[in-house]
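Here's the structure, in structure tokens; my notes come after.
Residue numbers (the UniProt record's numbering): 1 to 452.
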């Protein structure tokens, strides 16, 4: 394909991805308009609501102004003043990223991948601007600047991941084999530095010694394992909690009196927040927990909740301290320990005999630091304001989550790195000494046999 075809195809795929993202809330809202509202309300109200949901899912803040009827129904005095809804249902952002990864990978398969990326971003920018202006109303007003910039930025993240993954996977194998063992040299080989096929990643890698690169790789690999393990356990725990509190959740559904169509719409809305809930449960496992309003706390050792919004899924939230809640801290500790065991051998191979323990300790700190940064970002993205007054503080505190993750994972990783029978002698040195000893013993035995 030529440049224009590559750009056009990427732009079309981006258009389809955004259309699907808007259609996900629009379809149930349209059914609600047709079945329960009986076509009485202007359909554009539901269109704007669907676009607002999609924009919020991509990180756009929504300014809400409630009318008198809504204020009386909610019963919150602060609702009389305009307030911001800043929490993002992360399922929409996740869908956008995954779709953009596919678009970026397809663009990277062509010669003119830069044109594909540019076409996708231009399409996302134009369509986001049109959607943002179409959603403006007196009751709900998305931030115009954020609405134009943030959705394309989310798309850009996915495009970058897709392009980088494809280029790394298709990189020449010779580039990876052109390095010298760190025990023979602390720097990258000159041949690799002069390689014409070396990409940006290879040129950046040339600035570090092999030991430093091994520490960075171990940090990213171990942190990925830690984050994946904690989120996996959090997902299972969330599912079990929902199952255990199914009766309470059902009662809350019945109390809303939304009917079948309204119940389906509420369920889809709650599914959009499932990534947020998984991150909240992960924050609970780590220790700081999360808040469901100002002055509230849901953590393993302290649970204080006030009146909650009428979302049925919140029926799974514990209302009192759990007897063995502190056991959850074992999850990040075990994740850090086994992540260290996962990368320990590679770090040992990359370390010089005199600095083996120091290299292992640096790898453990790298795992803890990168894990903390990832969880800080996740916690920040998962929280925000969902209403006026006390509902302006919902979700985990990113700083506390990062601090707890760093301490727990680093300590566990240090134990995993250093407490597994590692001696001061480098393993290769010991193996070489043993082999030399066996060789000398064999020579002496051969000499004795020849004399006899």
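Yeah, the Cβ is synthetic: ideal placement off N, Cα and C, and Gly gets one too.
Pick out whichever of the options has its Cα sitting closest to the Cα of residue i.
i           : options            : result
residue 347 : 315, 55, 247, 211  : 211
residue 159 : 141, 104, 303      : 104
residue 274 : 26, 54, 88         : 88
residue 331 : 312, 262, 254, 228 : 228
residue 28  : 215, 5, 267, 209   : 267
residue 140 : 65, 270, 338       : 65
residue 309 : 148, 391, 240, 261 : 391
residue 24  : 386, 349, 265      : 265
residue 418 : 381, 363, 216      : 363
residue 312 : 261, 254, 333      : 254
residue 121 : 145, 263, 149      : 149
residue 95  : 271, 306, 292      : 271
residue 90  : 400, 14, 416, 380  : 380
residue 144 : 114, 415, 125, 295 : 125
residue 8   : 37, 46, 84, 118    : 118
residue 151 : 361, 84, 218, 131  : 131
residue 349 : 409, 388, 218, 324 : 218
residue 410 : 338, 387, 297, 239 : 338
residue 214 : 47, 14, 361, 42    : 361
residue 93  : 326, 60, 306       : 60
residue 170 : 106, 156, 155, 157 : 106
By the three-class DSSP mapping on this structure, what secondary structure does residue i have?
i           : result
residue 39  : coil
residue 88  : coil
residue 394 : strand
residue 292 : strand
residue 13  : helix
residue 320 : coil
residue 48  : helix
residue 287 : coil
residue 220 : helix
residue 4   : helix
residue 112 : coil
residue 246 : helix
residue 31  : helix
residue 419 : coil
residue 135 : coil
residue 257 : coil
residue 96  : helix
residue 58  : coil
residue 406 : helix
residue 209 : coil
residue 353 : helix
residue 19  : helix
residue 310 : coil
residue 338 : helix
residue 375 : helix
residue 170 : coil
residue 326 : helix
residue 187 : With a pLDDT of 44 at residue 187, under the threshold of 50, the modelled position of that residue is not reliable, and no figure is offered here.
Assuming residue i and residue j make a contact with CB atoms under 8 Å, what is their CB distance in whole Å?
i           : j           : result
residue 22  : residue 51  : 6 Å
residue 162 : residue 100 : 7 Å
residue 241 : residue 316 : 5 Å
residue 147 : residue 128 : 6 Å
residue 261 : residue 16  : The pair is not a contact, with the Cβ atoms about 27 Å apart (cut-off 8 Å).
residue 62  : residue 142 : 5 Å
residue 415 : residue 335 : Going by Cβ atoms, the distance from residue 415 to residue 335 rounds to 12 Å, so no, they are not a contact pair.
residue 157 : residue 58  : About 11 Å; that fails the 8 Å criterion.
Look up residue i in the DSSP assignment and give the residues it is bridged to.
i           : result
residue 297 : 304
residue 83  : 64
residue 141 : 63
residue 384 : 394
Could you check whether the Cβ of residue i sits closer than 7 Å to any heavy atom belonging to the ligand GDP?
i           : result
residue 344 : With respect to small molecules bound, the structure shown includes none, and the ligand GDP cannot be examined in it.
Any beta-carbon of chain D closer than 8 Å to the one on residue i?
i           : result
residue 123 : Among the chains in the structure shown there is no chain D, since it carries only a single protein chain.
| message | Check whether the region 246-254 and the region 357-368 are in contact - that is, three or more C-beta pairs closer than 8 Å. | response | no
| message | Assess contact between the region 389-405 and the region 350-360, defined as three or more Cβ pairs (one per stretch) separated by less than 8 Å. Is contact present? | response | no
| message | Contact between the region 318-330 and the region 268-280 is defined here as three or more beta-carbon pairs at a separation below 8 Å; is this criterion met? | response | no
| Per the contact definition of three or more C-beta pairs closer than 8 Å, is the region 326-346 in contact with the region 214-224? | yes
| Would you call the region 279-299 and the region 392-400 in contact, with 3 or more CB pairs under 8 Å? | yes
| message | Does the region 368-383 come into contact with the region 298-308, if we say contact requires no fewer than three beta-carbon pairs (one atom in each stretch) closer than 8 Å? | response | no
| query | Counting pairs of beta carbons, one from the region 118-135 and one from the region 44-59, are three or more of them closer than 8 Å? | reply | yes
| So does the region 108-115 actually touch the region 1-8, counting three or more Cβ pairs closer than 8 Å? | yes
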